[in-house]
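Enquirer: In my numbering, the protein residues as written are 89 to 329. Please find one structure pasted underneath; my questions will follow.
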Amino acid sequence: MSQRDALATVFLARDGYPPVRWRISDGLTTYPDALALMEAEAARIAAGEADELVWLLEHPPLYTAGTSAKPEDLMSPDRFDVFQTGRGGEYTYHGPGQRVAYVMLDLKRRRPDVRAFVSALEAVIIGTLENMNVRGERREDRVGVWVRRPEKPRLADGAVAEDKIAAIGIRLRKWVSFHGLSLNVDPELAHFDGIVPCGVKTHGVTSLEDLGLPVPMHEVDIRLRTAFETVFGPTVDDRPV
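This is the structure we're talking about:
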């Protein structure tokens, strides 16, 4: 068992806390609108004025830069809007066909351990993929979830090729998380060409569609919710935005 596997234990809230609100927005949500809502919700959760929230949405095509982003990794700065963000990580792409899940949880109620929290989010993605017969894997030196591609040419060192199918980037304020994860369902993979995704140059990106699984977004959401509840506990439907 790897160190990251060992960290990915359940992250249940202490007894007496209500279920996590589960919200799904239709259409495309602009990044500034999403950030403003996340900021507001995280503040309310930290103040004890609102229950925890997971918000599922899709963005129009855009790039975001995390706190470790390198300028040279943005190769097409004029292609899409670029947003600086306080989340961890480097450059990533968001766009239609990609399920973004913004996760606003109070880790004081659960386990105030950032590394373990990231591993728990990876476990949610791995569980989601497993429910669709896709084997997602962690890597000790790279955050996110990866899929082996033995049908592709091997890497220069002889290793089996692998592609990234899901990214994770979080931020904490008063131990309340925001930002979250993104899972490639059927995005335009060519849009990733304008950046070095997450600073990793030796591996590519993939999607469920690219793997031969044309799964509708609403079915992905069902599997994502099931996997989330396995790790973080029960959810309750929340109003769409």
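Virtual Cβ for every residue (Gly too), placed ideally from N, Cα, C.
Give me, in chain order, the residues of the same chain whose beta-carbon lies closer than 8 Å to that of residue 118; leave out the 5 immediate sequence neighbours on both sides.
Expert: Residue 118 sits at position 30 when you count from the first residue of the sequence shown. Within the same chain, residue 118 has close Cβ partners 147 and 148.
Enquirer: Count the other C-beta atoms from every protein chain shown that fall within 10 angstroms of the C-beta of residue 103, then say buried if there are 16 or more, exposed otherwise.
Expert: Counting from one through the sequence shown, the residue named residue 103 turns up at place 15. That one is exposed.
Enquirer: Residues in the same chain with beta-carbon distance under 6 Å from residue 198, minus the five sequence neighbours each way, listed in chain order, please.
Expert: The count along the sequence shown starts at 1 and reaches residue 198 at position 110. So the list reads 99 and 101, once near-sequence residues are dropped.
Enquirer: Any contact between the segment 105 to 117 and the segment 165 to 176? By contact I mean 3 or more CB pairs, one from each, below 8 Å.
Expert: no
Enquirer: Return the first residue and the last residue of the beta strand (DSSP E) that residue 180 is part of.
Expert: Numbered from its first residue, the sequence shown carries residue 180 at position 92. Segment 179 to 182, the beta strand (DSSP E) holding residue 180.
Enquirer: For the segment 266 to 280 and the segment 182 to 197, state whether three or more C-beta atom pairs, one from each stretch, are separated by less than 8 Å.
Expert: yes
Enquirer: So, at 7 Å on beta carbons, what are the nonlocal neighbours of residue 324 in its own chain, with the 5 sequence-adjacent residues on each side left out?
Expert: Position 236 of the sequence shown, counting from 1, holds the residue named residue 324. Result list for residue 324: 107, 109 and 110, in chain order.
Enquirer: Looking only at its own chain, which residues have a Cβ that is under 8 Å from the Cβ of residue 294, when we skip the five neighbours before and after it?
Expert: In the sequence shown, counting from the first residue as 1, residue 294 sits at position 206. Hits under 8 Å: 235, 237, 251, 252, 253, 272 and 277.
Enquirer: Please state if the CB of residue 211 and the CB of residue 319 are separated by a distance shorter than 8 Å.
Expert: Stepping through the sequence shown from its first residue, residue 319 is reached at position 231. Stepping through the sequence shown from its first residue, residue 211 is reached at position 123. Contact flag set, yes.
Enquirer: According to DSSP, is residue 239 helix, strand or coil?
Expert: Here the question's residue 239 lines up with position 151 in the sequence shown. DSSP places residue 239 in coil when its eight states are reduced to three.
Enquirer: DSSP on residue 252, reduced to helix/strand/coil?
Expert: Counted from its first residue, the sequence shown places residue 252 at position 164. Look at residue 252 here: in three-state DSSP terms it is strand.
Enquirer: In this structure, does DSSP put residue 284 in helix, strand or coil?
Expert: One-based indexing of the sequence shown puts residue 284 at position 196. DSSP places residue 284 in coil when its eight states are reduced to three.
Enquirer: Hey, residue 144 and residue 151: beta-carbon distance below 8 Å or not?
Expert: Translated into positions along the sequence shown, residue 144 becomes position 56. Translated into positions along the sequence shown, residue 151 becomes position 63. In this structure, residue 151 does not lie closer than 8 Å to residue 144 by Cβ.
Enquirer: What three-state label does DSSP hand residue 299 in the structure shown?
Expert: Walking along the sequence shown from the start, residue 299 turns up at place 211. Coil at residue 299, not helix or strand.
Enquirer: Pull the bridge partners of residue 267 from the DSSP assignment, please.
Expert: To locate residue 267, count along the sequence shown from 1; it is residue 179. Note: residue 267 sits in a beta bridge opposite 258.
Enquirer: For residue 160, does the count of other Cβ atoms within 10 angstroms reach 16, so buried, or fall short, so exposed?
Expert: Within the sequence shown, numbered from 1, the residue matching residue 160 stands at position 72. Exposed, by the Cβ-count rule.
Enquirer: Take the Cβ of residue 115 as the centre, count every other Cβ of all protein chains shown within 10 Å, and call the residue buried at 16 or more, exposed below.
Expert: One-based indexing of the sequence shown puts residue 115 at position 27. So residue 115 counts as exposed.
Enquirer: Return helix, strand or coil for residue 114, following the three-state DSSP convention.
Expert: Within the sequence shown, numbered from 1, the residue matching residue 114 stands at position 26. Residue state, collapsed to three classes: strand.
Enquirer: Since I believe residue 180 is in contact with residue 270 (beta carbons under 8 Å), could you give me their beta-carbon distance rounded to a whole number of angstroms?
Expert: Indexing the sequence shown from 1 puts residue 270 at position 182. Indexing the sequence shown from 1 puts residue 180 at position 92. Sure, about 7 Å apart at Cβ, within 8 Å.
Enquirer: Rounding to the nearest angstrom, what Cα-Cα distance links residue 241 and residue 227 in this structure?
Expert: Here the question's residue 241 lines up with position 153 in the sequence shown. Here the question's residue 227 lines up with position 139 in the sequence shown. Looking at the two C-alpha atoms, the distance is approximately 20 Å.
Enquirer: Could you tell me the alpha carbon to alpha carbon distance between residue 155 and residue 170, rounded to whole angstroms?
Expert: As a first step, residue 155 must be located in the sequence shown, where it is residue number 67. As a first step, residue 170 must be located in the sequence shown, where it is residue number 82. Distance between the alpha carbons of residue 155 and residue 170: 14 Å.
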